[in-house]
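Okay, structure first, notes after.
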Amino acid sequence: MKRVCLSFDTLMLTMFILFFTVVTASSMAGSAMYELVRVGHDELVGEIIRLEGDLATIQVYEETSGVTVGDPVLRTGKPLSVELGPGIVNNIFDGIQRPLKGICDLTSSIYIPRGVNVPALDRKVEWEFIPTPGLKPGMHITGGDIYGIVPENTLVQHRIMLSPKAQGTVKWIAPTGHYTLSDKILEIEFDGQISQHTMLQVWPVRQPRPVAEKLPGNHPLLTGQRILDALFPSNLTLSSDVVHLTTKHIIGYLAKIIFIDFKEAIYNCVINTTAYDLRTHECYGG
13 MKRVCLSFDT
23 LMLTMFILFF
33 TVVTASSMAG
43 SAMYELVRVG
53 HDELVGEIIR
63 LEGDLATIQV
73 YEETSGVTVG
83 DPVLRTGKPL
93 SVELGPGIVN
103 NIFDGIQRPL
113 KGICDLTSSI
123 YIPRGVNVPA
133 LDRKVEWEFI
143 PTPGLKPGMH
153 ITGGDIYGIV
163 PENTLVQHRI
173 MLSPKAQGTV
183 KWIAPTGHYT
193 LSDKILEIEF
203 DGQISQHTML
213 QVWPVRQPRP
223 VAEKLPGNHP
233 LLTGQRILDA
243 LFPSNLTLSS
253 DVVHLTTKHI
263 IGYLAKIIFI
273 DFKEAIYNCV
283 INTTAYDLRT
293 HECYGG
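Residue numbers (the working numbering): 13 to 298.
Set out below in structure tokens:
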């Protein structure tokens, strides 16, 4: 039987069947495919993957030990989404964008507690916002247009774009200064309606972002590992914080692959005071 929960826009329902990380909940009429739900008393993260009548099959993305038939299922009415904005590059997330550092600071543990609910991007951090030069009130702006830049670190200039579904005439834009992700930095008007925008966008994970053009990949990745190729695309220098750099270590193995592709270059990795030649696997000095 449905009953209204304390939250205004959620419904508390009842778990019907439990099979490992797959849950079937009853009284789910009105739910949507890929809707985000919270399972059990610990409010584990789950996603509806099948609807049949008033039954919903839910994939739970956390350990379900201790969850039993009859436990509550909390509907959110929103799809599983990610947060996009400044701070996304300087952070480390798990597969459902839970910030590992934020969770560690909160729990003082190296493990992720079940049901932990921490915003993916920190709302308290202030970022330097620099409005796009020449953008003034009265100018038209549409989805994807850049209206500001945030220097996220010494390497990355984070460009702040208008949400793909928004457009209108600029009414106000914040001056250069420091703002949090919750602060209003832009006001636009469309059809007599005024909307306010921040540096943060929330986007459903299963909905592709619209693009103006898809550029072909003319050059393959150097290592095939995103952690290296995304941050060091034009640089073949890398470092590894290990005592012994051998092909048993991932970074050392990738460095060996790089050498195979670029035999004309010399690759040395420094281990403390010892130079390690990836071609001959010999150590010098130290």
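Cβ atoms here follow ideal geometry from the backbone N, Cα and C, with glycine treated the same way.
Since the model is a prediction, treat every value here as computed from it, not as a measurement.
Item: Indicate whether the contact test is met: 3 or more Cβ pairs, each with one atom in the stretch 88-99 and one in the stretch 201-216, closer than 8 Å.; Value: yes
Item: CA-CA distance, G97 and Q179?; Value: 19 Å
Item: Could you give the DSSP three-state label for G99: helix, strand or coil?; Value: coil
Item: With K226 as the anchor, note down where its beta strand (DSSP E) starts and where it stops.; Value: Premise fails: K226 is in no beta strand (DSSP E) and is neither H nor E.
Item: Which of the three DSSP states, helix, strand or coil, is assigned to I115?; Value: helix
Item: Considering only the alpha carbon of each residue, which of E74, S43, A41, S39 lies closest to G52?; Value: E74
Item: May I have the straight-line CA-CA distance separating S77 from L56, to the nearest angstrom?; Value: 11 Å
Item: Given this structure, state the Cα-to-Cα distance separating P125 from H209, to the nearest angstrom.; Value: 33 Å
Item: Please list the terminal residues of the continuous beta strand (DSSP E) segment that includes V85.; Value: 84-91
Item: Quick one: Cα of R221 to Cα of P176, how far?; Value: 8 Å
Item: Tell me which same chain residues have a C-beta within less than 7 Å of the C-beta of R135, skipping the five on either side of it?; Value: T192, L193, S194
Item: Using C-beta distances below 8 Å, list every residue in its chain close to F32, excluding the 5 sequence neighbours before and after it, in chain order.; Value: T76
Item: Using the Cβ count rule (16 or more neighbours within 10 Å means buried), how would you classify N247?; Value: Here N247 scores only 48 on pLDDT, less than 50, and its place in the model should not be relied on; the value that follows carries that caveat. Burial call: exposed.
Item: For W139, count neighbouring Cβ atoms within 10 angstroms of its own Cβ and tell me buried if that reaches 16, exposed if not.; Value: buried
Item: According to the Cβ coordinates, are I104 and L112 closer than 8 Å?; Value: yes
Item: Quick one: what does DSSP say F32 is sitting in, helix, strand or coil?; Value: coil
Item: In terms of residue numbering, what span does the beta strand (DSSP E) encompassing A68 cover?; Value: 67-72
Item: Which residue marks the beginning of the beta strand (DSSP E) containing S207, and which one marks its end?; Value: 205-209
Item: Given this structure, state the Cα-to-Cα distance separating P143 from P163, to the nearest angstrom.; Value: 12 Å
Item: Which whole runs of the beta strand (DSSP E) in the stretch 163-202 are 3 residues long or more, in chain order?; Value: 169-173, 179-185, 189-191, 198-202
Item: Could you check how far apart the C-beta atoms of T181 and I200 are, in whole angstroms? I think they sit under 8 Å.; Value: 6 Å
Item: Going by other Cβ atoms of all chains shown within 10 Å of its Cβ, with 16 needed for buried, is M45 buried or exposed?; Value: exposed
Item: My guess is that G82 and I70 are in contact by the Cβ rule of under 8 Å, so how many angstroms apart are they, rounded?; Value: Actually they are not in contact, since the Cβ atoms of G82 and I70 sit about 15 Å apart, beyond 8 Å.
Item: Using only the alpha-carbon positions, how far apart do K260 and Q237 sit?; Value: For K260, the pLDDT reaches just 47, beneath the cut-off of 50, and the residue's location in the model is therefore unreliable, leaving the point undetermined.
Item: For L118, count neighbouring C-beta atoms within 10 Å of its own C-beta (all shown protein chains included) and say buried if the count is 16 or more, exposed if not.; Value: exposed
Item: Do the CB positions of L212 and I185 come within less than 8 Å of each other?; Value: no
Item: For S120, write down the residues that DSSP places opposite it in a beta bridge.; Value: For S120, which the question treats as bridged, DSSP gives no partner whatsoever.
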